[in-house]
Amino acid sequence: MGWVTIYITGKTDFREDVGKRLEDSDLKLMPGYNGGSGDQELFSDLYWVDEKVKLRELKEAIGSKLIWKHRLQFYPSLEAFIESQNAKKNSTEFTKEERALLEEIVASAYRAAS
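Per this note's numbering, the sequence shown starts with residue 2, numbered consecutively.
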């Protein structure tokens, strides 16, 4: 039997709820530890799942209510997980053009108020 690593992230702390659901399921899996995240707004966990288990089966075991409640995202590889984290970090930073535009807006609002 081979194992596949599945990384899960969510906007709220889902780990206990998901762990209970998966523990009660008939799926062959092992919980893992990914060291947590330095981001206080991101919760993540990992599971090793039997390679015969489809992602859909894993999601069905967790349940749609929990998936929506915690806005869970599933990643089939470490590369996909890291790439998604980097994309989130990069998307929150302003470009030089955006910063200049914001400064211009603030300056014009300040001039209009005085």
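C-beta atoms are modelled at their ideal positions from N, C-alpha and C, and glycine is treated no differently.
DSSP three-state assignment for residue i, whether helix, strand or coil
i	result
F44	strand
V50	strand
Y76	strand
Y8	strand
L103	helix
L28	coil
Y111	helix
K60	helix
F82	helix
G33	coil
K66	helix
D14	coil
Residue of the options minimising C-alpha distance to residue i
i	options	result
L28	W49, T13, K12, N35	W49
L79	G3, M2, I9	I9
I7	E17, L43, K55, D14	K55
Residue i burial status per 10 Å Cβ neighbour count (16 or more: buried)
i	result
D46	buried
L73	buried
Y34	exposed
Okay, do the stretch 5 to 23 and the stretch 56 to 72 touch, 3+ Cβ pairs below 8 Å being the bar?
-> yes
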